[in-house]
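If you read the sequence shown in the numbering used here, its first letter stands for residue 52, the second for the next number, and so on. No residue lacks a Cβ here, since even glycine has one placed at the ideal position from N, Cα and C. Notes follow the structure.
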Amino acid sequence: MPLLLPSILANSPRSQQLFILLQSSTVHSCLPILCSLIAHPSSKSSVKRHVLLFSFLYPPSRLVNPPHLQPQEVDLQIFDWTDRVPGYGDDSRSNDATDEIMKAVDSVPKGEPLDIVIDSVDTLLDNLSSQSKTYNLLSRMLSAVRAGANTSRLILHIRAPSSLLPLLTQTRFSPSLTHLTSHPPMLLTHLSIAYFTPPPPLSPPEKFWSVFTPISERLYESENLVFGSEGEGLAGNEIVVEVLVRGGGVGGTGGEGRKRGVERALEGWVSAEGKPCDLSALESLRGLWTRKHVSEEAAPDPTQNVSFNLNLTPEQQQARAQVPLPYAHEGKVAVPVQAPGAILYEPDSADDIDDDDPDEDLDI
52 MPLLLPSILA NSPRSQQLFI LLQSSTVHSC LPILCSLIAH PSSKSSVKRH VLLFSFLYPP
112 SRLVNPPHLQ PQEVDLQIFD WTDRVPGYGD DSRSNDATDE IMKAVDSVPK GEPLDIVIDS
172 VDTLLDNLSS QSKTYNLLSR MLSAVRAGAN TSRLILHIRA PSSLLPLLTQ TRFSPSLTHL
232 TSHPPMLLTH LSIAYFTPPP PLSPPEKFWS VFTPISERLY ESENLVFGSE GEGLAGNEIV
292 VEVLVRGGGV GGTGGEGRKR GVERALEGWV SAEGKPCDLS ALESLRGLWT RKHVSEEAAP
352 DPTQNVSFNL NLTPEQQQAR AQVPLPYAHE GKVAVPVQAP GAILYEPDSA DDIDDDDPDE
412 DLDI
C-alpha cells in the first residue's frame, strides 16, 4: 500500500483535504512535517498560491526555509506574533489578534488558492483567553478557506493535551480531516515486547489498533518511556507518524461529503532527510522486523538427536489402532431399572439403639 504522507505533502487529489491538524506532544513534535507542508504548498498550478503564516510559538525562521520556496508560485505573508505575551510587552498593542487575522485572510481574492497556517493553536488560545472565541475564529478561517480554490487548506499545529483538540477533531467543525500525530518509535517497541503486538503487517491491524490507541492517548506512558528512569531517550531524528484521513476527494467543497470512510496508518519520518518513509526503514525499529524473521523460522524437531526412537513403524501404528478402547459398556445401550426406593442403614458400634421406649418411666 502506498504511503499517505507524500500525497498529503503534495496536496494531490488522492488526499486533498480542506483541514490538516498536526498534533505534537512533549515527547515528539510535528514541527518537521509542518515545515515540509509550508515548503510544499501545493501541486503545480498556474495560479499563484497565497500562504498566510501566523507564528505564535516558534519564530518564522524555524518554520520557513526560503531556498525551498518558489516566489513565482507562492505569495507568502508571515505574521510574527511570538512576542505577544499577555501581561508583557507594549500594553498599547492588544493581544487579541482576531481582527488582524481576519483582515489578512479577507485580503486574499476569493476563489484563489489559499493556505492558512497557525503555529500554534494553544498559544492563540492563551492569548485570547477564551475557548469559544478561539473556536469561532478558527471556524471563520475555515469558511474563508472553503471559499477559496478546491486546493485551499487550513493547517493548524496543536500540542496535546489541549482543550481544543476534541473540538477540532469533531465532524461538526469539519467533516473532512487529515490528522497527523507524532509518536516516539520506542512506543512501538514497548508494545511489541510488553503486549506482543508489533505494528502491522507483523500483527493484525484490528488487534494492533485496539492496543495502540488507548496507550498512545495516555501521554504519560510515552513520556515515561522516553524521559523515565529507564527511558531510552529520543530516537534521534526519527518520528512515527499516525496518519488519520477522514473524508477526502476533489470538489468545490474541499472534498467534504465525497467520501465518508476513514483511512488510518502508521508511517515513518526522518527529520534529517525531511521526507516520509516506511516504518521498516526506521533504524530504531529495525529490531522488530529482525525478531519477526527469527520467529518465522521452523521450530526444531524435539525427536531429533535423541538416544532412543520416538517414532512408530507402520506395523506398530496398525497394531495400536486395533487395540479396543477400555470402556466397560462399549456398544451397549443402558436400560433403566425400576426399583422401589429404600433406605439401608447399618448401625455403627457407637450407636445406642434400644427397642424399648426410653420415656416409659414417665407418667404422661
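* CA-CA distance, residue 337 and residue 331? -> Going from the Cα of residue 337 to the Cα of residue 331 covers about 6 Å.
Exercise. Assign residue 79 to one of three DSSP states: helix, strand, or coil.
Key: Here residue 79 sits in coil by DSSP.
Using a 10 Å radius around the Cβ and a threshold of 16 neighbouring Cβ atoms, would you call residue 128 buried or exposed?
Burial call: exposed.
Relative to the C-alpha of residue 61, which candidate in 89, 78, 79 has its C-alpha closest? Nearest of 89, 78, 79 to residue 61, Cα basis: 89.
Exercise. Grab the span of the alpha helix (DSSP H) containing residue 233 for me, first residue to last.
Key: Membership of residue 233 in any alpha helix (DSSP H) is not indicated; the residue belongs instead to the beta strand (DSSP E) covering 228-234.
- With DSSP as the reference, label residue 319 as helix, strand or coil. In the structure shown, residue 319 sits in a strand (DSSP, three-state: E or B).
Taking the alpha carbon of residue 243 as the reference point, which residue from 266, 401, 368, 203 has its own alpha carbon closest? Of the residues 266, 401, 368, 203, the one whose Cα lies closest to the Cα of residue 243 is 266.
field: For residue 126 and residue 225, the rounded distance between their alpha carbons
entry: Going from the Cα of residue 225 to the Cα of residue 126 covers about 26 Å.
Cβ neighbour criterion (16 or more within 10 Å) applied to residue 81: Buried, by the Cβ-count rule.
What are the start and end residues of the alpha helix (DSSP H) that includes residue 217? Secondary structure note for residue 217: its alpha helix (DSSP H) is the uninterrupted segment 216-219.
Excluding sequence positions up to five away, which residues of its chain have a Cβ less than 6 Å from the Cβ of residue 323? A distance below 6 Å between beta-carbons, with the five flanking residues on each side excluded, links residue 323 to the following residues of its chain, in chain order: 288.
TODO: Buried or exposed for residue 68, please, with buried defined as at least 16 other CB atoms from any protein chain shown within 10 angstroms of its CB.
DONE: Residue 68 comes out buried.
Practice task
Would you kindly check if the distance between the Cβ of residue 207 and the Cβ of residue 172 is under 8 Å?
Solution key: The Cβ-Cβ distance between residue 172 and residue 207 falls below 8 Å.
### Residue closest to residue 98, alpha-carbon to alpha-carbon, out of 202, 197, 213, 185
Checked all of 202, 197, 213, 185; the closest Cα to residue 98 is 202.
When you compare the stretch 245-261 with the stretch 185-201, are there three or more beta-carbon pairs, one atom per stretch, that lie closer than 8 Å? No: the two stretches stay apart, fewer than three of their Cβ pairs being nearer than 8 Å.
Pair within 8 Å by beta-carbon distance, residue 156 and residue 169: Cβ distance not < 8 Å, so residue 156 and residue 169 don't count as in contact.
Threshold first: 4 residues or longer. Then list the alpha helix (DSSP H) segments lying entirely within the stretch 235-273, N to C.
Segments of the alpha helix (DSSP H) lying fully in the stretch 235-273: 236-245, 256-268.
First through last residue of the alpha helix (DSSP H) which encompasses residue 57:
Residue range 56-61 is occupied by the alpha helix (DSSP H) that includes residue 57.
8 Å contact criterion, which residue 291 and residue 239 should meet: CB distance rounded = Contact holds; Cβ gap of about 6 Å.
Q) With burial defined as no fewer than 16 other Cβ atoms inside 10 Å of the residue's Cβ, what is the status of residue 199: buried or exposed? A) Residue 199 comes out buried.
Consult DSSP for residue 326 and reduce its assignment to one of helix, strand or coil.
The three-state secondary structure of residue 326, taken from DSSP, is strand.
Quiz prompt | Three-way DSSP call (helix, strand, coil) for residue 109 in this model | solution = Correct three-state label for residue 109: coil.
Worksheet item: Would you call the CB atoms of residue 333 and residue 319 closer than 8 Å?
Response: Going by C-beta atoms, residue 333 is nearer than 8 Å to residue 319.
### Query
When burial is assigned at 16 or more other CB atoms within 10 Å of the CB, is residue 137 buried or exposed?
By the 16-neighbour rule on beta-carbons within 10 angstroms, residue 137 is exposed.
(Q) Beta-carbon within less than 8 Å of residue 371's beta-carbon, same chain only, minus the 5 sequence neighbours each way: which residues are those? (A) Sequence-distant partners of residue 371 (beyond 5 residues in either direction) whose C-beta falls short of 8 Å from its own C-beta, in its chain, are 363.
- Spatial neighbours of residue 174 in its chain, beta-carbon cut-off 6 Å, leaving aside the 5 residues before and after: Counting only Cβ-Cβ distances below 6 Å, and skipping sequence neighbours, we find 107, 108.
Item checked: Simplified DSSP assignment, three categories, for residue 359 -> The answer is coil: DSSP assigns residue 359 none of H, G, I, E or B.
Legend entry - CA-to-CA distance, residue 139 to residue 232, given in whole angstroms: Cα-Cα distance, rounded: 32 Å.
- Query: Buried or exposed: which applies to residue 401, given that a residue is buried once 16 or more other Cβ atoms fall within 10 Å of its Cβ?
  - Reply: The residue in question, residue 401, is exposed, as its Cβ has fewer than 16 Cβ neighbours within 10 Å.
Between residue 297 and residue 228, how many whole angstroms is the CB-CB distance? I'm expecting something under 8 Å.
Going by Cβ atoms, the distance from residue 297 to residue 228 rounds to 4 Å, so yes, they are a contact pair.
| task | Measure the Cβ-Cβ separation of residue 77 and residue 268 and say whether it is below 8 Å. | result | At least 8 Å separates the beta-carbon of residue 77 from that of residue 268.
| message | For a quick check, are the C-beta atoms of residue 178 and residue 135 less than 8 Å apart? | response | Yes; because the gap between Cβ atoms is below 8 Å, this pair is in contact.
> Does the distance from the CB of residue 277 to the CB of residue 237 come in under 8 Å?
Replying inline: Closer than 8 Å, so yes.
message = For residue 130, which residues in the same chain have their Cβ closer than 6 Å to its Cβ, ignoring the five residues on either side in sequence?
response = Only 105 meet the Cβ criterion.
Boundaries of the beta strand (DSSP E) in which residue 292 is found, first to last residue
Residue 292 -> beta strand (DSSP E) spans 289-297.
* To do: From the DSSP output, in three-state form, read off residue 394 for me.
  => Coil, per DSSP.
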